[in-house]
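Following our numbering from start to finish, the sequence shown increments by one per residue and tops out at 272. The structure under discussion appears below in the form of structure tokens.
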Amino acid sequence: MAFDRKMKNQTPHIIKEGSDQYKLGELNGNQINYDFEKILIYLDAKGKLLFGNKFKIYKEDRDIIYKLCNYQIKDYQACKKLNIDPKKGILLSGPVGCGKTSLMKLIRHITPYYQSYEMIPTRNVTFAFNHIGYKIIEQYGDNRFYCFDDLGIEPTGRYFGKDCNVMGEVILSRHELFLKYKFKTHGTTNLNAEELEESYGNRVRSRMRELFNLIGFDKSSIDKRK
Ligand SMILES: Nc1ncnc2c1ncn2[C@@H]1O[C@H](COP(=O)(O)OP(=O)(O)OP(=O)(O)O)[C@@H](O)[C@H]1O
Ligand SMILES: [Mg+2]
Numbered sequence: 047m048a049f050d051r052k053m054k055n056q057t058p059h060i061i062k063e064g065s066d067q068y069k070l071g072e073l074n075g076n077q078i079n080y081d082f083e084k085i086l087i088y089l090d091a092k093g094k095l096l097f098g099n100k101f102k103i104y105k106e107d108r109d110i111i112y113k114l115c116n117y118q119i120k121d122y123q124a125c126k127k128l129n130i131d132p133k134k135g136i137l138l139s140g141p142v143g144c145g146k147t148s149l150m151k152l153i154r155h156i157t158p159y160y161q162s163y164e165m166i167p168t169r170n171v172t173f174a175f176n177h178i179g180y181k182i183i184e185q186y187g188d189n190r191f192y193c194f195d196d197l198g199i200e201p202t203g204r205y206f207g208k209d210c211n212v213m214g215e216v217i218l219s220r221h222e223l224f225l226k227y228k229f230k231t232h233g234t235t236n237l238n239a240e241e242l243e244e245s246y247g248n249r250v251r252s253r254m255r256e257l258f259n260l261i262g263f264d265k266s267s268i269d270k271r272k
């Protein structure tokens, strides 16, 4: 990955956490040659800081984490091999409790020099809609990056007696922003493609394909809450 030499941070390959330092790779001119094993060491430590000491990198999650890392560091060659479009966002899908929300919260920390995204639970978006109305949909039509957490299972919005598929509308407007300005949108979901279509309809589903790279946990992934 190339980084801007004018950046104030002259050691973007080293991340400091308190008194600890994590070197994620080697600096080579204005490139960082990342080392996946070193990234995993950092993710393990940062995960423990964020989610508690029970957090660990599961062997069976390595393929998914490898994809997310290459996306996050914008390794264009690796992304090509993995069939990931770095311009699109990520939709991380998988069964209940497999660790989607945790991973999306975690992975952004490996590239502190890139614009990050806010994690937004989709339920909060519809609840806010029920109180405030259509303004909420506009609110997400800005230049910030978002990760909408738990797409497809939020309740239908209702404002002044009128039903609204709030997240469907938000995705339509984020899709327009993606086409115009390449603003990023990410998401997590428990649902598969057909179920997402059931929640949002085929217009939204078709745009989601353009908006997101789909990265999926295996159906058999264990529930880490158990
Ligand atoms: N790698 C991990 N090691 C240990 N615990 C983990 C790991 N990943 C997630 N957990 C824990 O498992 C639980 C579920 O994780 P998380 O909420 O990220 O899953 P999820 O896939 O988003 O679930 P849901 O489908 O319900 O939204 C949380 O308590 C979290 O702290
Ligand atoms: Mg979740």
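Idealized CB from N, CA, C, for every residue including glycine.
Starting from residue i, trace the alpha helix (DSSP H) both ways and give me its first and last residue.
i    : result
Q123 : Y122 to K127
K100 : Counting along the chain, K100 falls outside any alpha helix (DSSP H), and DSSP gives it neither H nor E.
R204 : Unbroken run through R204 is the beta strand (DSSP E), G203 to Y205; no alpha helix (DSSP H).
I182 : K181 to Q185
I153 : K146 to I153
With DSSP as the reference, identify every bridge partner of residue i, one or two as the case may be.
i    : result
P158 : Per DSSP, none; premise fails for P158.
F258 : G135
G71  : Y80
F173 : According to DSSP, F173 bridges with nothing at all.
E63  : D66
F224 : Answer is none; F224 lacks a bridge partner.
Do we get a CB-CB distance below 9 Å when we pair residue i with the residues of chain C?
i    : result
I182 : Although the question refers to chain C, the structure presented lacks it and comprises just one protein chain.
Hey, could you find the ends of the beta strand (DSSP E) residue i is sitting in?
i    : result
K208 : K208 to C210
C115 : Taken as a continuous stretch (DSSP letters only), C115 belongs to no beta strand (DSSP E), being part of the alpha helix (DSSP H) at R108 to Q118.
T231 : T231 to T235
I166 : Y163 to P167
F191 : F191 to D195
Note down, in chain order, each residue of its chain lying with its Cβ closer than 6 Å to the Cβ of residue i, except the 5 sequence neighbours on either side.
i    : result
K230 : G135 and F191
R271 : G143
I153 : L114 and Q118
L237 : G198
E9   : Outside the shown range of the chain, which is 47 to 272, sits residue 9, and nothing can be said about it.
I'd like the list of long-range same chain contacts for residue i, defined as Cβ closer than 7 Å, with 5 residues on each side in sequence excluded.
i    : result
K265 : P141
K92  : E63, L152 and H155
Looking only at its own chain, which residues have a Cβ that is under 8 Å from the Cβ of residue i, when we skip the five neighbours before and after it?
i    : result
H59  : K69, L70, G71, E72, L73, I78 and Y80
F258 : K134, G135, I136, L137, T231, H232 and G233
R220 : Y186, G187, Y192, F229, T231 and L257
CA-CA distance, residue i and residue j?
i    : j    : result
E184 : N129 : 32 Å
S139 : G198 : 11 Å
T202 : N211 : 6 Å
E222 : Y88  : 35 Å
G214 : E164 : 18 Å
Y227 : D131 : 16 Å
D90  : F101 : 7 Å
Q67  : N116 : 21 Å
P167 : T147 : 10 Å
C125 : R169 : 31 Å
(message) If you measure from each CB to the nearest heavy atom of ligand 2 and keep those under 6 Å, what residues do you get, in chain order?
(response) K146, T147, D195, D196 and T234
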